[in-house]
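Novice: Dumping the structure here so I can ask a few things about it.
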Amino acid sequence: MKTWFITGGTPGGFGRAYADAALEQGDNVVLTARRPHLLHDWAAEHPGRVLVLPLDVTDGRQVRDAVKAAEQHFGGIDVLVNNAGRGWYGSVEGTSDADARRSLELNFFAVVDVLRAVLPGMRARRGGWIINMSSVAGLRSVTGFGFYSAAKFAVEGITGALREEVAPFGINVLAVEPGAFRTHAYAGFGDEPVEETVGAYRPAIEALRKTMIEQSGRQPGDPHRAVRAVIHAMRQDDPPHRLVLGSAGYDTVHTALHDMLAELHAQEPASRNADHPPAPCPGPASRRCPRPRTERRAGTCKGLRRSR
Ligand SMILES: NC(=O)c1ccc[n+]([C@@H]2O[C@H](COP(=O)([O-])OP(=O)(O)OC[C@H]3O[C@@H](n4cnc5c(N)ncnc54)[C@H](OP(=O)(O)O)[C@@H]3O)[C@@H](O)[C@H]2O)c1
Numbered sequence: 001m002k003t004w005f006i007t008g009g010t011p012g013g014f015g016r017a018y019a020d021a022a023l024e025q026g027d028n029v030v031l032t033a034r035r036p037h038l039l040h041d042w043a044a045e046h047p048g049r050v051l052v053l054p055l056d057v058t059d060g061r062q063v064r065d066a067v068k069a070a071e072q073h074f075g076g077i078d079v080l081v082n083n084a085g086r087g088w089y090g091s092v093e094g095t096s097d098a099d100a101r102r103s104l105e106l107n108f109f110a111v112v113d114v115l116r117a118v119l120p121g122m123r124a125r126r127g128g129w130i131i132n133m134s135s136v137a138g139l140r141s142v143t144g145f146g147f148y149s150a151a152k153f154a155v156e157g158i159t160g161a162l163r164e165e166v167a168p169f170g171i172n173v174l175a176v177e178p179g180a181f182r183t184h185a186y187a188g189f190g191d192e193p194v195e196e197t198v199g200a201y202r203p204a205i206e207a208l209r210k211t212m213i214e215q216s217g218r219q220p221g222d223p224h225r226a227v228r229a230v231i232h233a234m235r236q237d238d239p240p241h242r243l244v245l246g247s248a249g250y251d252t253v254h255t256a257l258h259d260m261l262a263e264l265h266a267q268e269p270a271s272r273n274a275d276h277p278p279a280p281c282p283g284p285a286s287r288r289c290p291r292p293r294t295e296r297r298a299g300t301c302k303g304l305r306r307s308r
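Mapping of the sequence shown onto UniProt numbering: position 264 corresponds to residue 264, and the numbering continues sequentially without gaps.
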C-alpha cells in the first residue's frame, strides 16, 4: 500500500481524480487544498485512509508543515502529485509584472518547493514517484498564455534534470502534459476581466477569454481517464518520461515536434558552420588526423579537404 501526497485537491479537478484513483487501488491519500472544508464530506467516506490538509503551495512554510504532517500521519510519502496550478491570460508585453511573477510562483517555484520538501523522505526510503502536472503548453507555447507556457516549460526543464538526479535513489519522475480537460480550469475566467496593459493586444486577449469561457464544460478530455492512463504508465517496466493526454493535445505536440525537427534539419548547415573550423589535418593516413578512424581509412577525411 502506497501513500500519495496530492496538491490542488479542489473537487472537480485533476487533484481529486488522482485521489479517487489512488483510493480505488487500495492506497492512502493526503489531499491538500486551499479550501480544505470542501473535502471534509469526501474524507469522511474514507475513514483512516485519507488525510486532508490546508495548503497554499506558494507559502513555503505551509508546504514544509504539510509534508511533515503527512509523513508523520502515514509514515512517509510514496507518490507526489505536483498538481496545483492554473493559467492567466495576457500578452507577453502587456501582462503586468505582478501577474507574470504570480504565474511563475504558482506554476513553477511552488512545484520546486514541494519537490524539495518531499525528496529527503523519498531518498531516505530509497524509492518513490514524482508526477509533475505540466501541460501541452509546456511543450508548445500557447499564444496569450506566454507566462503559463513559460512556467510549464520550466517544469519540463526541471523534471528532465530531476529524473536523472534521483534515479540512483530509486525515484521515478514523470511529466504529464494534458491538452484541454474538463476540470474547473477554464470556469474561473468568467469572473476575471482582462487586465491587459497594452491596448493593441486587448481585442485578441478578449477573444481568447471568450473562447476559454465558451469551452468550459465542453473540453474533450476526461480527468478520470487521464489519471488512469498515468497510473498505467507508472506500472510499466520501462515507464515513459512524459505522457501527453488527450487526442487534441497529442496532435498539437506531434505537429509541434515534427515542425521543430523539420526546421532543425533545414538549418543544419547554419548550425554546423557556427563551430570553429576543424583543426588542420596532417593527412588522412596520419594518426594525428582528428577525424574518426573509419573516415581516415576510407580516405574521406573532411578535415583534410577543408584545410587544403
Ligand atoms: N484542465 C486542463 O485542461 C489542463 C490542461 C493542462 C494542464 N493542466 C494542469 O493540471 C493541473 C490541475 O488543474 P485542473 O485542470 O484540475 O484545474 P482546476 O480544477 O482549476 O484545479 C486547479 C487546482 O489548483 C489549485 N490551486 C491554485 N492555486 C493554488 C495555490 N496557490 N495553492 C494551492 N492550490 C492552488 C486550485 O485550488 P482553488 O480551487 O483553491 O483555486 C485547484 O485545486 C494544473 O497544474 C494545470 O495547469 C490542466
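No residue lacks a Cβ here, since even glycine has one placed at the ideal position from N, Cα and C.
Taking 7 Å as the cut-off, is the C-beta of M212 nearer than that to any heavy atom in ligand 1?
Specialist: False, no ligand heavy atom lies under 7 Å from that Cβ.
Novice: Excluding the 5 residues preceding and the 5 following A154 in the sequence, name in chain order all residues of the same chain whose CB lies nearer than 7 Å to its CB.
Specialist: Taken in chain order, the residues that qualify are F108.
Novice: Just confirm the distance between the C-beta atoms of A33 and G9, as a whole number of angstroms; I'd bet it's less than 8 Å.
Specialist: That pair is a contact at about 4 Å.
Novice: Report yes if the C-beta distance between S216 and G144 is below 8 Å; otherwise report no.
Specialist: No.
Novice: Grouping DSSP H, G and I as helix and E and B as strand, with all else coil, what is L208?
Specialist: Three-state result, L208: helix.
Novice: Determine the burial state of K68: buried for a count of at least 16 other Cβ atoms within 10 Å of its Cβ, exposed for fewer.
Specialist: By the 10 Å Cβ count, K68 comes out exposed.
Novice: What are the boundary residues of the alpha helix (DSSP H) that G160 is part of?
Specialist: Looking at the DSSP string, the run of the alpha helix (DSSP H) that includes G160 is G146 to V166.
Novice: Are there 16 or more other CB atoms within 10 angstroms of the CB of R305, so buried, or fewer, so exposed?
Specialist: Because the pLDDT at R305 is just 47, under 50, the model does not fix this residue reliably, and the point stays unresolved.
Novice: Candidates G128, Q72, T159 and R123: which alpha carbon is nearest L139's?
Specialist: Looking at the Cα atoms, T159 is the closest of the given residues.
Novice: Drop a sphere of 10 angstroms on the beta-carbon of K210, count the other beta-carbons inside from all chains shown, and report buried for 16 or more, exposed for fewer.
Specialist: It counts as exposed.
Novice: Run through the DSSP bridge pairs and tell me what R242 is partnered with.
Specialist: DSSP lists A175 as partners of R242.
Novice: With burial defined as no fewer than 16 other Cβ atoms inside 10 Å of the residue's Cβ, what is the status of A17: buried or exposed?
Specialist: Classification of A17: buried, given that the 10 Å Cβ count is 16 or more.
Novice: For N273, is the classification buried or exposed, using 16 other Cβ atoms within 10 angstroms of its Cβ as the cut-off for buried?
Specialist: Exposed is the call here.
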